[in-house]
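The opening residue of the sequence shown carries number 2 in the numbering used here; numbering runs sequentially from there.
Here is the structure we will look at, set down as structure tokens.
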Amino acid sequence: MPVEVGKVVDGTVLNITSFGAFVQLPEGETGLVHISEVADKYVKDVRDYLKEKDKVKVKILSVSPDGKISLSIKKANAELKKSSRPLDLEWNRNKSSSNMSFEDRLAKFLKDSDERQQQLKKNLDTRRRSGGGYNRGKTNKMIEK
Numbered sequence: 002m003p004v005e006v007g008k009v010v011d012g013t014v015l016n017i018t019s020f021g022a023f024v025q026l027p028e029g030e031t032g033l034v035h036i037s038e039v040a041d042k043y044v045k046d047v048r049d050y051l052k053e054k055d056k057v058k059v060k061i062l063s064v065s066p067d068g069k070i071s072l073s074i075k076k077a078n079a080e081l082k083k084s085s086r087p088l089d090l091e092w093n094r095n096k097s098s099s100n101m102s103f104e105d106r107l108a109k110f111l112k113d114s115d116e117r118q119q120q121l122k123k124n125l126d127t128r129r130r131s132g133g134g135y136n137r138g139k140t141n142k143m144i145e146k
């Protein structure tokens with residue numbers, strides 16, 4: 002069966018180099034997973050993510066005219082995540098507020114909001130008065146005068 006570009010297949014890591022890893026595909030052909038295609042984050046050393054004989058899922062990115070196969074573990078994982086069904090979420094209302102009227106809920110919200118605003122202002126005023134900030138190169142003697 003020929004290698005199809007865009008297909009996600011299982012493979013086995015054969016060899017790890019400083020620039021990536023060679024992976025054997027089920028058809029017996031070998032392709033390269035470049036270091037930039039190993040993981041979603043920065044990869045300094047491929048050996049931190051892969052070992053020889055590891056089973057991995059790879060996406061076939063391209064096949065060059067001379068037969069070189071480019072592979073990606075990162076895109077194979079993204080494709081698997083994208084195809085998985087989203088979680089079922091249960092949207093439950095807070096039962097204590099469900100029997101309150103709109104006016105009661107609005108009044109409660111305004112009260113809570115006002116309390117939060119007062120607390121933030123109090124904390125901000127405390128910081129301003131403490132003088133623990135940056136003095137822009139002035140020494141304490143200059144400030145005291």
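No residue lacks a Cβ here, since even glycine has one placed at the ideal position from N, Cα and C.
The structure presented is a predicted model; accordingly, all values stated were derived computationally and were not measured.
Note to self: Suppose contacts are defined by Cβ-Cβ distances below 8 Å. Is E38 in contact with I74 by that definition?
What the structure shows: Your numbering for residue 38 matches position 37 in the sequence shown. Your numbering for residue 74 matches position 73 in the sequence shown. Yes, the Cβ-Cβ distance between E38 and I74 is below 8 Å.
Check: Short check: CB of V47 to CB of I36, under 8 Å?
Finding: The residue given as residue 47 occupies position 46 in the sequence shown. The residue given as residue 36 occupies position 35 in the sequence shown. Going by C-beta atoms, V47 is nearer than 8 Å to I36.
Notebook entry, point to check: Under three-state DSSP, which class holds F23?
Noted result: Translated into the one-based positions of the sequence shown, residue 23 becomes position 22. Looking at F23 - three-state DSSP - the assignment turns out to be strand.
Item checked: Distance CB(V9)-CB(E116) smaller than 8 Å -> The residue given as residue 9 occupies position 8 in the sequence shown. The residue given as residue 116 occupies position 115 in the sequence shown. No, these two residues do not count as a Cβ contact at 8 Å.
Item checked: Same chain only: Cβ atoms within 7 Å of D11, ignoring 5 sequence neighbours per side -> Looking up residue 11 in the sequence shown gives position 10. Correct list, in chain order: P27, K56 and K58.
Check: Expressed to the nearest angstrom, what Euclidean distance is found between the alpha-carbon atoms of L62 and P3?
Finding: In the sequence shown, counting from the first residue as 1, residue 62 sits at position 61. In the sequence shown, counting from the first residue as 1, residue 3 sits at position 2. L62 and P3: Cα-Cα distance of roughly 14 Å.
Note to self: Measuring alpha carbon to alpha carbon, tell me which residue in L15, A40 and Q119 is nearest N78.
What the structure shows: Locating residue 78 in the sequence shown gives position 77, where the first residue counts as 1. Nearest C-alpha to N78 among L15, A40 and Q119: A40.
Checklist line | Distance between F110 and R130 (C-alpha atoms, nearest Å) | finding: Working through the sequence shown from its first residue, we reach residue 130 at position 129. Working through the sequence shown from its first residue, we reach residue 110 at position 109. Roughly 30 Å between the two C-alpha positions.
Next item on the list: Please state whether DSSP places N100 in a helix, a strand or coil.
Entry: Within the sequence shown, the letter at position 99 stands for residue 100. Collapsing the DSSP output to three states places N100 in coil.
Next item on the list: Indicate whether L72 and L33 have their beta-carbon atoms separated by less than 8 Å.
Entry: For the purposes of this step, residue 72 is identified with residue 71 of the sequence shown, where counting begins at 1. For the purposes of this step, residue 33 is identified with residue 32 of the sequence shown, where counting begins at 1. For L72 and L33, yes; Cβs fall inside 8 Å.
Note to self: Here's the rule: buried if 16 or more other CB atoms are within 10 angstroms of the residue's CB, otherwise exposed. What is A22?
What the structure shows: The residue you call residue 22 lines up with position 21 of the sequence shown. Its Cβ being crowded by 16 or more others within 10 Å, A22 is buried.
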